[in-house]
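Engineer: Submitted below is the structure of interest, expressed as structure tokens.
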Amino acid sequence: VQVAFSQRRKLLRHSLGRWLEARNFAGQFNLQRRAEEVPVAEYVALAQAVAA
46 VQVAFSQRRK LLRHSLGRWL EARNFAGQFN LQRRAEEVPV AEYVALAQAV
96 AA
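Residue numbers for the sequence shown follow the working numbering, beginning at 46 and rising by one.
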């Protein structure tokens, strides 16, 4: 969540794209949104998927 909000008013592909690539994340997560548009439940699911 901290990485997602690190760049104001940017799409998540700019802030989370490289972060997810570095962790070899192959799941589905829409990076064409802004951080404030993503529900908390989706951040929790993303964190759990990356940790698995």
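Cβ atoms here follow ideal geometry from the backbone N, Cα and C, with glycine treated the same way. Remember, it's a predicted structure, so these values are computed and weren't measured experimentally.
Looking only at its own chain, which residues have a Cβ that is under 6 Å from the Cβ of V95, when we skip the five neighbours before and after it?
Structural biologist: Within the same chain, V95 has close Cβ partners R68 and F70.
Engineer: For R79, which beta-bridge partners are listed by DSSP?
Structural biologist: According to DSSP, which records beta bridges pairwise, R79 is partnered with L56.
Engineer: Is it buried or exposed for S51, if we count other Cβ within 10 angstroms and need 16 for buried?
Structural biologist: Exposed, by the Cβ-count rule.
Engineer: Our contact map puts A49 next to L57 with C-beta atoms below 8 Å; I'd like the distance itself, whole angstroms only.
Structural biologist: Their Cβ separation, rounded to whole angstroms, is 6 Å, which keeps A49 and L57 in contact under 8 Å.
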